[in-house]
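The next block holds one structure in the form of structure tokens; read it before the comments.
2 protein chains.
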Amino acid sequence: MKSYMNELGIKKYSFGQMIPTDTILETTFSEVKSTYDGIIRRENNETLIELPLEKNDIVYGLGQNVHGINKRGHIYEAFCSDDPNHTPDKKSLYGAHNFFIIAGESSTGWYIDFAGKITYDIGFTYREKLVITLSGSDFDLYEITGTPSEIVNQFRKLIGLSYVPPKWAFGYQQCRWSYETDERVREIAKGFEENDIPIDAIYLDIDYMERYKDFTVDEERFPNFETFVKELKSEDIKLVPIIDAGVKIEDGYDVYEDGVKNDFFVRDEAGQPFVAAVWPGKVHFPDVLNAPTRQWFGAYYHRFLEMGIEGFWNDMNEPAIFYSEKGLNEGIAFVKSQEGKNLDIGTFFALKDSIMNLSNAEKDYKSMYHKMNIDGEETVVNHYDVHNLYGYNITRAAAEGFESYDANRRFFLLTRASHIGMAKHSGIWTGDNHSWWEHIKLNIQMMPSLSMAGFLYAGADTGGFGHHSSGELLSRWMQFSLFTPLLRNHSAMGTRQQEPWQFDSEVTNHIRNLIRMRYALVPYLYSEYMKANLNQSLLFAPLGFTYLDERSKGVEDQLLFGDELMLAPIYESNARGRHVYLPEEMVKINLSQYESIGEQGFEWLSKGDHYIPQEVDELYAYLRPNRLLVLTEPKNRVSQLNYKQLTVIGFVKDTATYTLYDDDGITQSFKEGVSTQTVFTVTKSDQGFDINVDTNVHPIGDVTFYLIDESGKTHVIKQSGSKMV
Amino acid sequence: MKSYMNELGIKKYSFGQMIPTDTILETTFSEVKSTYDGIIRRENNETLIELPLEKNDIVYGLGQNVHGINKRGHIYEAFCSDDPNHTPDKKSLYGAHNFFIIAGESSTGWYIDFAGKITYDIGFTYREKLVITLSGSDFDLYEITGTPSEIVNQFRKLIGLSYVPPKWAFGYQQCRWSYETDERVREIAKGFEENDIPIDAIYLDIDYMERYKDFTVDEERFPNFETFVKELKSEDIKLVPIIDAGVKIEDGYDVYEDGVKNDFFVRDEAGQPFVAAVWPGKVHFPDVLNAPTRQWFGAYYHRFLEMGIEGFWNDMNEPAIFYSEKGLNEGIAFVKSQEGKNLDIGTFFALKDSIMNLSNAEKDYKSMYHKMNIDGEETVVNHYDVHNLYGYNITRAAAEGFESYDANRRFFLLTRASHIGMAKHSGIWTGDNHSWWEHIKLNIQMMPSLSMAGFLYAGADTGGFGHHSSGELLSRWMQFSLFTPLLRNHSAMGTRQQEPWQFDSEVTNHIRNLIRMRYALVPYLYSEYMKANLNQSLLFAPLGFTYLDERSKGVEDQLLFGDELMLAPIYESNARGRHVYLPEEMVKINLSQYESIGEQGFEWLSKGDHYIPQEVDELYAYLRPNRLLVLTEPKNRVSQLNYKQLTVIGFVKDTATYTLYDDDGITQSFKEGVSTQTVFTVTKSDQGFDINVDTNVHPIGDVTFYLIDESGKTHVIKQSGSKMV
């Protein structure tokens with residue numbers, strides 16, 4: 003083991019020679035004389051790390067995974083998994099995010115830089131221990147001390163800036179497995195128009211492809227795809243096609259033939275391209291763990307970019323395997339061997355398992371091989387040892403493809419499987435959830451962990467992917483997703499249609515109001531998103547990061563959103579309200595309908611516990627003291643939003659300031675600091691409030707200020723744009 | 003259709019000629035001139051009933067099923083199902099309980115007397131409608147009006163007295179799949195002794211049998227079973243063996259041979275005994291829908307009764323089918339037919355389904371036939387049409403067997419599958435749940451629905467059956483199960499051991515305290531159980547049954563327990579407290595440890611919302627105004643409990659009275675009113691409190707009264723037994 007330290011005081015312990023994950027930015031770490039003084043044991047081919055847990059320590063992090071904000075009391079795995087049943091006994095979802103914080107009297111953050119499977123037993127087997135098991139011996143361990151916020155800040159500096167999508171990606175997005183024809187997509191677009199509901203993107207799930215072949219379009223279903231893309235673009239709606247990991251084995255299919263010719267596919271033991279089966283039937287997987295394959299695969303995206311497509315979602319990239327050729331043959335042979343026999347019950351279960359366990363089999367992952375360039379040498383690596391890098395790198399291939407197409411432009415990109423190293427390349431959705439109330443809560447609890455791991459652009463399949471949704475479920479879920487950067491409604495084949503107008507007119511009206519409120523919030527959301535990114539802070543934070551009282555630390559169903567708001571979403575069916583804990587006095591804002599802001603009034607609430615009635619068509623958020631919330635007039639597209647009719651809601655005890663960040667929303671120039679900051683300042687004086695808006699960029703128009711003072715009184719002040727230069 | 007009315011004003015509508023379920027007591031219904039004025043439609047072979055739902059109507063009932071106390075917003079089925087994954091997308095569990103109440107401005111209760119599958123779409127597809135679909139046309143519909151409590155009361159009068167177990171069944175019970183040998187059972191018993199933890203029963207899961215054959219004992223594992231039963235009995239521990247529904251096909255096995263000889267088994271289309279496979283391998287199912295088969299099967303229980311066994315649990319009686327001979331052959335043939343083919347992905351899923359869907363297949367249920375005596379005629383009935391009666395009647399066979407053995411004695415009986423008609427014959431456990439926090443909540447929410455349906459003796463597999471438990475989970479679950487009549491810890495093969503001492507010493511201590519508190523509560527629990535039974539009221543009630551404010555109606559995670567207590571259990575991991583809504587002022591009682599009652603004090607709490615800290619080793623309950631809670635000194639067996647050291651906790655504003663019911667706990671003589679009522683009365687006076695204990699039966703000993711007045715002050719008054727006659 004070697005020890006290092008960087009200029010931020012982050013300690014790094016290198017055990018053996020890890021397979022590079024390209025997660026950590028090039029940072030200067032100097033070797034120091036020190037040893038890792040925790041407990042590390044080697045057993046068989048595994049490494050065990052033990053960390054002590056104090057009675058009231060909270061464990062934050064692990065990014066995308068099941069259970070609460072506090073991860074304590076369960077066992078988790080970092081092993082990218084295509085498992086659509088996110089039940090409480092699952093240990094792993096689609097991402098492998100090995101960053102966590104043990105927060106207590108003092109707090110320490112840990113990042114384990116490792117490409118293989120890791121298991122975390124967080125106070126489950128032993129209440130006072132966190133036991134980590136790595137499926138290997140070579141890894142880097144980073145130790146960061148400070149407050150939880152400081153730890154996140156330092157860690158995010160290590161991994162670098164997160165992915166920034168084009169600004170339209172903060173609009174509403176509609177998805178379904180599948181809108182199978184151009185006609186169906188037109189109907190959906192028309193549905194939004196007729197119902198006067200804002201939208202910025204419609205997704206194409208796997209059925210747009212010709213026999214599920216990547217980078218093809220089914221010409222019967224989408225006869226003039228390029229024209230169709232332009233048609234929707236003329237309505238300012240983006241089409242977002244899916245790209246899967248597996249490349250169909252089919253003679254004459256260029257991606258397949260080119261990949262075989264150039265040896266770009268993952269290999270089996272015999273050195274032949276590994277044969278798996280997914281949606282297209284039999285496929286090979288691009289060996290994206292090396293740069294030439296990424297370059298090759300990424301360039302195919304240019305085809306769609308040329309047609310005017312501006313974004314993609316990458317799916318099935320854990321990689322998901324329905325079966326391997328070898329596995330299926332073995333399974334069938336076993337079943338066949340039992341024909342006509344009088345099975346004992348154990349053999350029957352073995353027979354069942356032989357078929358049920360064909361998908362995503364560890365055996366298959368262990369039969370796949372990659373070529374990687376490690377320290378300048380081409381090295382053959384077993385897939386199992388680098389499993390968690392696969393989805394990351396196939397999405398990186400897309401990102402690198404975009405860069406080679408137009409380095410200055412932002413493209414939209416989502417992926418299902420991920421690793422922390424990928425946070426700089428793409429956003430994620432939280433995978434194939436269900437229309438279960440429990441999954442609204444899981445969504446709420448996952449957002450801060452994702453923020454910690456650098457996945458700022460994220461959101462769930464709102465309304466639920468699997469199972470059937472109801473109008474009530476969709477309404478309540480939307481009330482939370484309203485605040486998530488990715489706001490996408492998605493549902494699976496065979497489930498109830500869940501576009502906003504599929505329930506009843508009350509639901510349609512409420513969801514229209516919510517999506518309009520989302521668009522009103524886009525300036526604030528975008529501003530907070532970019533600030534969280536540029537300042538390496540959290541977009542969604544557990545209350546315990548900001549408030550140090552014991553009560554706040556235990557809150558599992560409220561979040562801080564940006565620096566101004568606290569959210570207390572409803573995630574239970576038939577609820578007509580909920581308890582809300584206020585760690586300090588706040589003002590309850592009615593966000594049910596943009597048009598009624600101001601009319602509905604604002605309610606000052608004391609620090610402490612409250613029961614807040616909230617019917618299914620009502621949405622509240624909570625504004626912190628001396629904070630301002632800026633809203634704009636909603637439009638039906640993000641591009642139409644402007645700053646001519648602003649509303650500023652302030653809870654002003656003495657002075658409140660808000661800096662509204664903005665940029666062109668299209669290019670990468672924000673990286674060079676090309677952006678605008680409009681500073682709103684409201685100061686309470688004896689006479690009332692002094693207001694100042696410091697902007698020399700935006701053509702700020704009329705601003706209505708709703709200023710609530712400590713007595714709960716609302717002061718309405720209108721200012722016309724001319725006053726502010 | 004014909005209409006009837008009984009003396010209670012209950013309306014009955016008879017559609018066609020239903021297959022009798024033997025649910026409703028012989029009650030005089032007179033035919034009246036009236037028609038059912040709701041919406042009924044016939045479509046294909048189904049009957050649809052539509053009931054309107056007002057916006058804020060609550061739907062209570064459906065007994066054992068998923069989701070909340072308010073069933074609105076989901077789809078349910080009444081179809082006894084062996085499905086161990088109780089996820090939110092499930093529609094049915096093990097029971098079929100067709101009683102529900104629509105509660106609103108006015109309330110109506112409905113019981114659908116029908117033996118086949120029923121689907122309930124309760125405001126899911128249409129928010130304002132309850133749509134019921136019956137898989138047939140012949141049924142009776144009962145309509146009951148009144149308050150929800152009155153409706154339950156009338157319905158329960160219709161179905162008659164619920165099952166009453168021997169009193170020892172209110173003690174703690176330990177189960178595991180499996181304690182496989184007598185030696186292992188001894189170890190478990192010793193574990194309780196060494197840890198000084200009360201216990202009354204240990205269960206034997208399937209492995210005690212010889213090759214899973216009902217009414218046999220494996221002589222290698224339990225070499226002298228009868229002696230062993232007596233050995234445990236000498237320690238006052240009851241052994242509770244399992245009996246499964248399927249009878250193993252094995253030459254020389256008397257139950258099998260006798261059943262075949264007498265045509266006592268369920269038949270297939272060809273009139274041959276139907277062949278299914280479950281734990282023993284291939285089996286036949288006793289055709290318990292006719293009395294001679296029940297009498298035959300029930301008599302086998304006498305074998306164990308003769309050996310000193312006093313109770314049983316009946317399992318796998320939906321009936322669960324792992325596969326049928328025919329189904330398996332078809333599945334294997336299909337898989338085999340795909341050998342060597344290049345499967346498209348649809349065919350692959352069909353192949354997977356052909357094996358995965360072998361268990362509990364509708365096709366199999368539709369291939370099974372029963373003989374029933376209907377109106378004096380032997381009638382052949384397809385199993386699918388009477389599916390929900392199977393578990394009920396095989397358990398009824400046991401109950402009838404007990405009666406023929408000793409009609410005056412109570413025997414212990416639990417079943418997994420059930421129908422409301424069975425509530426008079428047996429208790430139920432809530433099936434194969436998981437060690438999921440969500441299932442504690444499901445347990446809480448299910449108890450009142452079970453009470454409504456007459457299943458007073460009920461409880462969950464505390465700690466969770468499937469998946470692995472943690473000390474924290476078991477502790478929190480025990481804090482609720484403490485109050486359920488069935489208090490059984492049960493876990494599955496392959497999961498972490500979860501006997502009380504399997505975690506750490508703090509958990510062991512806490513669980514010891516909880517179980518001791520349970521024994522202290524047995525007099526109260528038994529008294530409330532019997533009163534709920536004899537008075538046809540609820541043992542567990544939703545707050546909305548007692549309190550008429552809107553807030554109370556919406557509470558989904560607090561219950562009234564008996565007439566005195568309100569429970570607000572914790573069901574979330576890492577919780578250190580919770581919000582509690584008090585519909586009226588109450589006194590918080592610390593039930594964490596019997597020895598500390600009084601020392602810990604009591605806290606008066608105002609009506610309204612409170613946040614109550616409650617660490618993992620703390621348990622609170624809430625005492626209503628002018629109510630008394632009686633506890634006794636805990637012992638390690640129910641039989642050792644006495645009334646020599648009583649504690650009475652009272653929240654006395656003016657006068658509080660409690661009538662403590664008791665009886666011999668062993669015989670059926672309570673049905674003739676043989677019981678004792680001890681009446682405690684406390685009246686507040688200017689000088690303090692006047693206390694009266696009216697008993698001429700129990701040898702009441704020292705009683706310590708902790709009396710809390712409106713100011714929150716606790717008055718401790720000790721009375722010696724001599725004063726009370």
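As they're listed, the protein sequences go chains A and B.
Quick note, the first sequence lines up with residues 3 to 727 if you use my numbering.
Quick note, the second sequence lines up with residues 3 to 727 if you use my numbering.
Using N, Cα and C, we set each Cβ at its ideal position, and we do this for glycine too.
Looking only at C-alpha atoms, which of the options sits nearest to residue i?
{"i": "B/Asp115", "options": "B/Phe404, B/Leu391 and B/Gly556", "result": "B/Leu391"}
{"i": "B/Lys720", "options": "B/Thr659, B/Gly329, B/Asp664 and B/Gln647", "result": "B/Gln647"}
{"i": "A/Glu33", "options": "A/Ser16, A/Pro167 and A/Thr25", "result": "A/Ser16"}
{"i": "A/Tyr144", "options": "A/Gly603, A/Lys13, A/Pro243 and A/Gln175", "result": "A/Lys13"}
{"i": "A/Tyr113", "options": "A/Arg629, A/Gly652, A/Gly423 and A/Gly429", "result": "A/Gly423"}
{"i": "B/Gly610", "options": "B/Leu545, B/Lys590, B/Glu586 and B/Ser493", "result": "B/Glu586"}
{"i": "A/Arg518", "options": "A/Ala301, A/His372 and A/Phe172", "result": "A/Phe172"}
{"i": "A/Ile396", "options": "A/Gly461, A/Ser477, A/Asp216 and A/Gly546", "result": "A/Asp216"}
{"i": "B/Ala278", "options": "B/Phe267, B/Glu327, B/Gly138 and B/His469", "result": "B/Glu327"}
{"i": "B/Gln679", "options": "B/Gln689, B/Glu440 and B/Glu530", "result": "B/Glu530"}
{"i": "B/Pro86", "options": "B/Leu662, B/Ala80 and B/Tyr96", "result": "B/Tyr96"}
{"i": "B/Ile702", "options": "B/Lys192, B/Ile153, B/Val640 and B/Leu662", "result": "B/Leu662"}
If I measure Cβ to Cβ from residue i and keep anything under 8 Å in the same chain, skipping five residues before and after, which residues do I get?
{"i": "B/Asn375", "result": "Asn292, Ala293 and Thr381"}
{"i": "B/Asp59", "result": "Arg74, Ile104, Ala105 and Gly106"}
{"i": "B/Trp438", "result": "Gly466 and His469"}
Does DSSP put residue i in a helix, a strand or coil?
{"i": "B/Gln175", "result": "strand"}
{"i": "A/Thr295", "result": "helix"}
{"i": "B/Ala460", "result": "strand"}
{"i": "B/Gln721", "result": "strand"}
{"i": "B/Leu709", "result": "strand"}
{"i": "A/Phe224", "result": "coil"}
{"i": "A/Leu545", "result": "helix"}
{"i": "B/Val727", "result": "Note on B/Val727: pLDDT 37, under 50, position unreliable in the model; no value is reported."}
{"i": "B/Met424", "result": "helix"}
{"i": "A/Asn8", "result": "strand"}
{"i": "A/Ala80", "result": "strand"}
Classify residue i: buried if its beta carbon has 16 or more other beta carbons within 10 angstroms, exposed otherwise.
{"i": "A/Ile120", "result": "buried"}
{"i": "A/Phe126", "result": "buried"}
{"i": "B/Met358", "result": "exposed"}
{"i": "B/Gln274", "result": "exposed"}
{"i": "B/Arg213", "result": "exposed"}
{"i": "B/Ser108", "result": "exposed"}
{"i": "A/Met495", "result": "exposed"}
{"i": "B/Met3", "result": "exposed"}
{"i": "B/Glu196", "result": "exposed"}
Just list the residues that DSSP pairs residue i with in beta bridges.
{"i": "B/Gly610", "result": "B/Leu584"}
{"i": "A/Gly429", "result": "A/Leu416"}
Ignore the nearest five residues each way along the sequence and tell me which others in residue i's own chain have a CB closer than 6 Å to its CB.
{"i": "B/Ile513", "result": "Met480 and Pro502"}
{"i": "A/Leu630", "result": "Val650, Gly652, Ala658, Tyr660 and Phe682"}
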